[in-house]
Amino acid sequence: MKNFFYFNKGQRIGVLILLLLIVFAFLATVLMPIFVKKDEIESGEDFLREAMEFRANLIENERSKSKETDFFPFEYRSYPKYKPTQTKYELFTFNPNTADSATFVKLGLKPYIARNVLRYREKGGSFRNADAFARVYGITPEKYEELKPFIQIPELENEKQIAENISEKPGNTNETADSKEFPTQLKTDNIIDLNSADTTLLKQVRGIGSVFARRIVNYRNVLGGYTTLEQLKEVWGMNGETYDRITPFLDIKDEQLITKIDVNKASIERLRKHPYINTFQRAKAIYEYRRKKVKLTNIKQLNHLEEFTDEDWKRLEPYLSFE
0 MKNFFYFNKG
10 QRIGVLILLL
20 LIVFAFLATV
30 LMPIFVKKDE
40 IESGEDFLRE
50 AMEFRANLIE
60 NERSKSKETD
70 FFPFEYRSYP
80 KYKPTQTKYE
90 LFTFNPNTAD
100 SATFVKLGLK
110 PYIARNVLRY
120 REKGGSFRNA
130 DAFARVYGIT
140 PEKYEELKPF
150 IQIPELENEK
160 QIAENISEKP
170 GNTNETADSK
180 EFPTQLKTDN
190 IIDLNSADTT
200 LLKQVRGIGS
210 VFARRIVNYR
220 NVLGGYTTLE
230 QLKEVWGMNG
240 ETYDRITPFL
250 DIKDEQLITK
260 IDVNKASIER
270 LRKHPYINTF
280 QRAKAIYEYR
290 RKKVKLTNIK
300 QLNHLEEFTD
310 EDWKRLEPYL
320 SFE
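For the sequence shown, the residue numbers in numbering that gives the first Met the number 0 are 0 to 322.
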């Protein structure tokens, strides 16, 4: 400090200025945090934080793109939605009583529906008119309306034609209803009970041969018994001439022989087997309604089912019981 006074005036001024600068620098470092606004500092920190986050996002995006490239190396392309092609079919005239399964499939019916038709015919069933074909299980109302104009069921002129168009089950011969000479016509006082007669007794009636006798008995077993002679017209191959010839010698004497279906206990399959129900949809409709009720007591409780007409219930009533 002594030497300070030995400096000339210019040197002393320089030293003082240097000391002032040192003091100013020291005070600036100490006092700056006090005078700088806090929000400016924070905004700087926020900017730095956002910058770091942005950089992290860029890195993550690059990694994601890299993974997608590994799993999906090809560019995405827009393809039209797959639409199942509809099977083409033809519409042409056919007879449901003689058509084979290939014919039904060509008409647009599914194979299982064709099998249902063939099984129905094998059991002795027949389609007397176009409306009867609508009852085949699996045929929708729309499909039936499409096929209806093409259904042709010609009336066979005689029993010989009928028998030739029917393939009998294994073990049965293909003899026609008129292939044998019929015995002498019965007297009018010898009337045969349609529900108790066997094939041998039925063949004693002129106009009934082995084929018709067998069909009459088979249909009786499927029905559960005849309630009217008119039901003979439902036997496969029965025409008006034969019907008029044989009915004077037939009668229904004992209706106690009618086998009835207990609606409150019968399964869907049992219901379906009856010719007047015949389809799964109808049998299920009865079965499901029965399940909703505690117990059915009469046929009127079923009249509302849309699967049946009033005529259907009239035909079915003798075969249903509500025990």
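No residue lacks a Cβ here, since even glycine has one placed at the ideal position from N, Cα and C.
Helix, strand or coil at S320 according to DSSP, with G and I counted as helix: strand
Identity of the residue in L30, L270, K291, Y218 nearest E121 by Cα: Y218
Status (buried if at least 16 other CB within 10 Å, exposed otherwise) for E316: exposed
Chain-order list of residues whose beta-carbon lies under 7 Å from that of S195 (same chain, five-residue window excluded): D253, L256
Proximity below 8 Å, CB of V204 to CB of I251: no
Inter-residue Cα distance where the pair is T226 and Y88: 43 Å
Whole-angstrom C-beta distance between F132 and I150, which should lie under 8 Å: 6 Å
Cβ pair P274, L228 closer than 8 Å: no
F93 - partner residues in DSSP beta bridges: I150
Rounded straight-line distance, which links the Cα of T241 to that of F181: In this prediction, F181 has a pLDDT of 43, which is less than 50 and means its spatial position is unreliable; nothing more can be read from the coordinates.
One or two residues paired with D192 in a DSSP bridge: D250
First through last residue of the alpha helix (DSSP H) which encompasses A134: First, the amino acid is wrong: residue 134 is Arg here, not Ala. Note, R134: premise wrong, no alpha helix (DSSP H); not H, not E.
Coil, strand or helix - D311 by DSSP: helix
Alpha-carbon spacing of L333 relative to R48, whole angstroms: Look at the range of the chain in this structure, 0 to 322, and you will see that residue 333 is not part of it.
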